[in-house]
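2 protein chains.
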Amino acid sequence: MKDKERPLILITNDDGIKAGGLVALVEVAKKIGDVVVVVPNESYSAMSHAITVKHPLYVKEIKHKKGVALYKVNGTPVDCIKLAINKLLDKAPDIVVSGVNHGSNSSVSIHYSGTMGAAREGAINGIPSVGFSLLSHSYDADFSHTKPFIKKILKHVLANGLPEGTYLNVNVPNIRKLKGVKVCRQARGKWVEELIEREDPRKRKYYWLTGYFKNFEPEAVDTDEYALENGFVSVVPCTIDTTDYKHYDNLKNIQGELQV
Amino acid sequence: MKDKERPLILITNDDGIKAGGLVALVEVAKKIGDVVVVVPNESYSAMSHAITVKHPLYVKEIKHKKGVALYKVNGTPVDCIKLAINKLLDKAPDIVVSGVNHGSNSSVSIHYSGTMGAAREGAINGIPSVGFSLLSHSYDADFSHTKPFIKKILKHVLANGLPEGTYLNVNVPNIRKLKGVKVCRQARGKWVEELIEREDPRKRKYYWLTGYFKNFEPEAVDTDEYALENGFVSVVPCTIDTTDYKHYDNLKNIQGELQV
Chain A
0 MKDKERPLIL ITNDDGIKAG GLVALVEVAK KIGDVVVVVP NESYSAMSHA
50 ITVKHPLYVK EIKHKKGVAL YKVNGTPVDC IKLAINKLLD KAPDIVVSGV
100 NHGSNSSVSI HYSGTMGAAR EGAINGIPSV GFSLLSHSYD ADFSHTKPFI
150 KKILKHVLAN GLPEGTYLNV NVPNIRKLKG VKVCRQARGK WVEELIERED
200 PRKRKYYWLT GYFKNFEPEA VDTDEYALEN GFVSVVPCTI DTTDYKHYDN
250 LKNIQGELQV
Chain B
0 MKDKERPLIL ITNDDGIKAG GLVALVEVAK KIGDVVVVVP NESYSAMSHA
50 ITVKHPLYVK EIKHKKGVAL YKVNGTPVDC IKLAINKLLD KAPDIVVSGV
100 NHGSNSSVSI HYSGTMGAAR EGAINGIPSV GFSLLSHSYD ADFSHTKPFI
150 KKILKHVLAN GLPEGTYLNV NVPNIRKLKG VKVCRQARGK WVEELIERED
200 PRKRKYYWLT GYFKNFEPEA VDTDEYALEN GFVSVVPCTI DTTDYKHYDN
250 LKNIQGELQV
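So the protein sequences, as listed, match chains A and B.
Residue numbering for the first sequence follows numbering that gives the first Met the number 0, starting at 0 and increasing by one per position.
Residue numbering for the second sequence follows numbering that gives the first Met the number 0, starting at 0 and increasing by one per position.
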């Protein structure tokens, strides 16, 4: 990014165009740079890193004025990033920002999250990328306390960049008095499913996925879960490289046993 | 798994119930253990780690005989694993196996893949999990050469387990004479998009996502891409922990700069 040039900020989310989290994010971003918003035309929660291959994508320009442009797409958050980078923008964005999600994306929730899928797609494309989430699913959640933190983190990433393939998973507790920002690792945990079983009018059973998150290491103080429970904004540096380097050498050593 | 007890093998895929890759996988698995197949009722390619939250899930039992049971679900591959583990199975499976996918899931393709989403979900649930893919998108692809490798890898994982949170991404070249199995890391690369632009009868522009994979490090000999190009089956140990430990300390060191 050249000095004195306003950075180009590409924004998406997975909660739809009217979500309070998106509004809050755009309000912060437009004070820092030129903003292009490309979002799914409906809520695409829990779409992870999915892309659309079965139907074509339509783009609708909603607003185009100096400083803020707004497009809707009949696709996923990752589709939005792909379309923006390859078709809608004249130049590569300086940063991809996703959110602010209505609901936590800490620990393994990152894998289900469309918000974080979009941030990951930015990183795959070599662009510094950040996903923000608030620990409240409420449609009417108040995002005002997230704004100073979003501003700080966006400015830091714009000034310093991120290593290739790294993106940030930022979660914010839903309390007014935050204690600060903690850089963390992803907590070990999982969603314990409680499938709700019902019967439809034709007597067929059906299920709703639901459940609660279980932290496998509540005692650990370096995790995102710990930071959030203790009133801190959690920042996890994430990588697009899924390789398990901890066990890579072990597996490499027994490669002979895998031969046919 | 107790000695002499047949292992319980949970299988899913993202290409539908009649896909040749699924048939090949079941043929191998039923010689090793008791097989329960829970698959999406239609092709769910590129659904990544998505789960269904907007509509309820219906399960249809297609077949239930000793040794092989078969269910269809109106959901994603990850939904199938969640339903199987939490509702359909009496006990936890000894292994989750996904595939064989019609098409490569090497390098960053793992992020878009429903096949690998299901394997990752198995690992999140503490079950040793493997996803298999063949480097051919053809519906009529011949999977016979993949079978000895699938058998070897399944038996190895059943006998030795996998570390907590680790799952395997196995890709097989579409050539008859394979040179062996290589344990690899995920190659750096990305999909270069070539959005196909068309016009519908109402003169509205629409786009199809397409493109080609670009390997950023074709010279590296320890990647999955290199192994596959050179006639080897690639085995990448993957982790559910997205934390970028390479850059964790750097970011932790500048944590002070992120405070508001």
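Here a beta-carbon is modelled for each residue, glycine too, at the ideal position from N, C-alpha and C.
Model, not experiment: these values are computed from the prediction.
Residue i at chain A interface by Cβ criterion, 9 Å
| i | result |
| --- | --- |
| isoleucine 16 of chain B | no |
| lysine 189 of chain B | yes |
| phenylalanine 148 of chain B | yes |
| alanine 219 of chain B | no |
| isoleucine 31 of chain B | no |
| proline 6 of chain B | no |
| leucine 134 of chain B | no |
| aspartate 2 of chain B | For aspartate 2 of chain B, the predicted model reports a pLDDT of 48, less than 50, meaning its position is unreliable; a value from the coordinates is still stated below. So, not an interface residue. |
| lysine 213 of chain B | no |
| valine 99 of chain B | no |
| leucine 9 of chain B | no |
| tyrosine 111 of chain B | yes |
| asparagine 170 of chain B | no |
| valine 107 of chain B | yes |
Pair within 9 Å by beta-carbon distance, residue i and residue j
| i | j | result |
| --- | --- | --- |
| valine 129 of chain A | tyrosine 166 of chain A | yes |
| serine 42 of chain B | lysine 53 of chain A | yes |
| phenylalanine 142 of chain A | glycine 15 of chain A | no |
| valine 99 of chain B | isoleucine 126 of chain B | no |
| threonine 114 of chain A | serine 135 of chain A | no |
| glutamine 185 of chain A | threonine 242 of chain B | yes |
| lysine 86 of chain A | tyrosine 206 of chain B | yes |
| isoleucine 31 of chain B | isoleucine 8 of chain B | yes |
| leucine 208 of chain A | isoleucine 61 of chain B | no |
| isoleucine 109 of chain B | valine 235 of chain B | yes |
| asparagine 124 of chain A | isoleucine 174 of chain A | no |
Integer Cβ distance of residue i from residue j, believed to fall under 8 Å
| i | j | result |
| --- | --- | --- |
| serine 44 of chain B | aspartate 93 of chain B | No, serine 44 of chain B and aspartate 93 of chain B are not in contact; Cβ-Cβ is about 27 Å, not under 8 Å. |
| glycine 164 of chain B | isoleucine 239 of chain B | 5 Å |
| histidine 48 of chain B | tyrosine 111 of chain A | 6 Å |
| valine 27 of chain A | lysine 150 of chain A | 5 Å |
| leucine 56 of chain A | aspartate 33 of chain A | At roughly 23 Å, the Cβ-Cβ gap does not stay under 8 Å, so leucine 56 of chain A and aspartate 33 of chain A are not in contact. |
| tyrosine 188 of chain B | asparagine 229 of chain B | The question names tyrosine, but residue 188 of chain B is glycine in the sequence shown. Incorrect: roughly 16 Å between the Cβ atoms, too far for contact. |
| valine 171 of chain A | isoleucine 152 of chain A | In fact, because the Cβ distance is near 10 Å, the residues do not count as touching under 8 Å. |
| isoleucine 80 of chain A | alanine 117 of chain A | 5 Å |
| valine 58 of chain B | leucine 82 of chain B | 6 Å |
| valine 182 of chain A | leucine 250 of chain B | 5 Å |
| glutamate 218 of chain B | histidine 155 of chain A | In fact, because the Cβ distance is near 34 Å, the residues do not count as touching under 8 Å. |
| phenylalanine 231 of chain A | valine 180 of chain A | 7 Å |
| alanine 18 of chain B | histidine 101 of chain B | 6 Å |
Contact list for residue i against chain A, beta-carbon separation under 8 Å
| i | result |
| --- | --- |
| lysine 90 of chain B | Within 8 Å Cβ-Cβ: nothing; lysine 90 of chain B doesn't reach chain A, min ~16 Å. |
| proline 236 of chain B | Thr242, Asp243, His246, Tyr247 and Leu250 |
| valine 37 of chain B | None at all; the shortest Cβ gap to chain A is about 12 Å. |
Contact list for residue i against chain A, beta-carbon separation under 7 Å
| i | result |
| --- | --- |
| glutamate 192 of chain B | Lys81 and Asn85 |
| asparagine 173 of chain B | Per Cβ cutoff of 7 Å: no residues; asparagine 173 of chain B is ~17 Å from chain A at best. |
| alanine 49 of chain B | Ala45, Met46, Ser47 and Ala49 |
| valine 34 of chain B | What valine 34 of chain B touches in chain A: nothing, since even the nearest Cβ is about 21 Å away. |
| threonine 165 of chain B | Asp243 and His246 |
| leucine 227 of chain B | Within chain A, no residue comes near leucine 227 of chain B; the closest Cβ sits about 15 Å away, beyond 7 Å. |
CB contact check: residue i to chain B, cutoff 9 Å
| i | result |
| --- | --- |
| aspartate 78 of chain A | yes |
| asparagine 40 of chain A | no |
| alanine 45 of chain A | yes |
| proline 127 of chain A | no |
| valine 259 of chain A | yes |
| valine 27 of chain A | no |
| asparagine 12 of chain A | no |
| valine 180 of chain A | yes |
| leucine 177 of chain A | yes |
| glycine 116 of chain A | yes |
| lysine 53 of chain A | yes |
Interface residues of chain A facing residue i [CB-CB closer than 9 Å]
| i | result |
| --- | --- |
| glutamate 256 of chain B | Lys151, His155 and Asn159 |
| isoleucine 94 of chain B | Those within 9 Å of isoleucine 94 of chain B in chain A number zero; the least Cβ separation is about 15 Å. |
| histidine 63 of chain B | Near histidine 63 of chain B there are no residues of chain A at all, since even the closest Cβ is about 16 Å away, more than 9 Å. |
| aspartate 56 of chain B | In the sequence as presented, aspartate is not what sits at residue 56 of chain B; that position holds leucine. Near leucine 56 of chain B (Cβ distances below 9 Å), the residues of chain A are Leu194, Tyr205, Tyr206, Trp207 and Leu208. |
Where residue i meets chain B, residues with beta-carbon distance less than 8 Å
| i | result |
| --- | --- |
| glycine 102 of chain A | Here the premise fails: no neighbours, minimum Cβ distance about 11 Å. |
| asparagine 124 of chain A | Lys189 |
Partner residues on chain B for residue i, Cβ-Cβ distance less than 9 Å
| i | result |
| --- | --- |
| proline 200 of chain A | Residues of chain B passing the Cβ test: none, with the nearest at roughly 13 Å. |
Cβ contact check for the region 213 to 230 of chain A and the region 97 to 105 of chain A: 3 or more pairs under 8 Å: yes
Give a yes or no on contact between the region 190 to 202 of chain A and the region 121 to 140 of chain A, applying the rule of three or more CB pairs nearer than 8 Å. no
Stretch pair the region 58 to 75 of chain B + the region 29 to 41 of chain B: three plus CB contacts closer than 8 Å: yes
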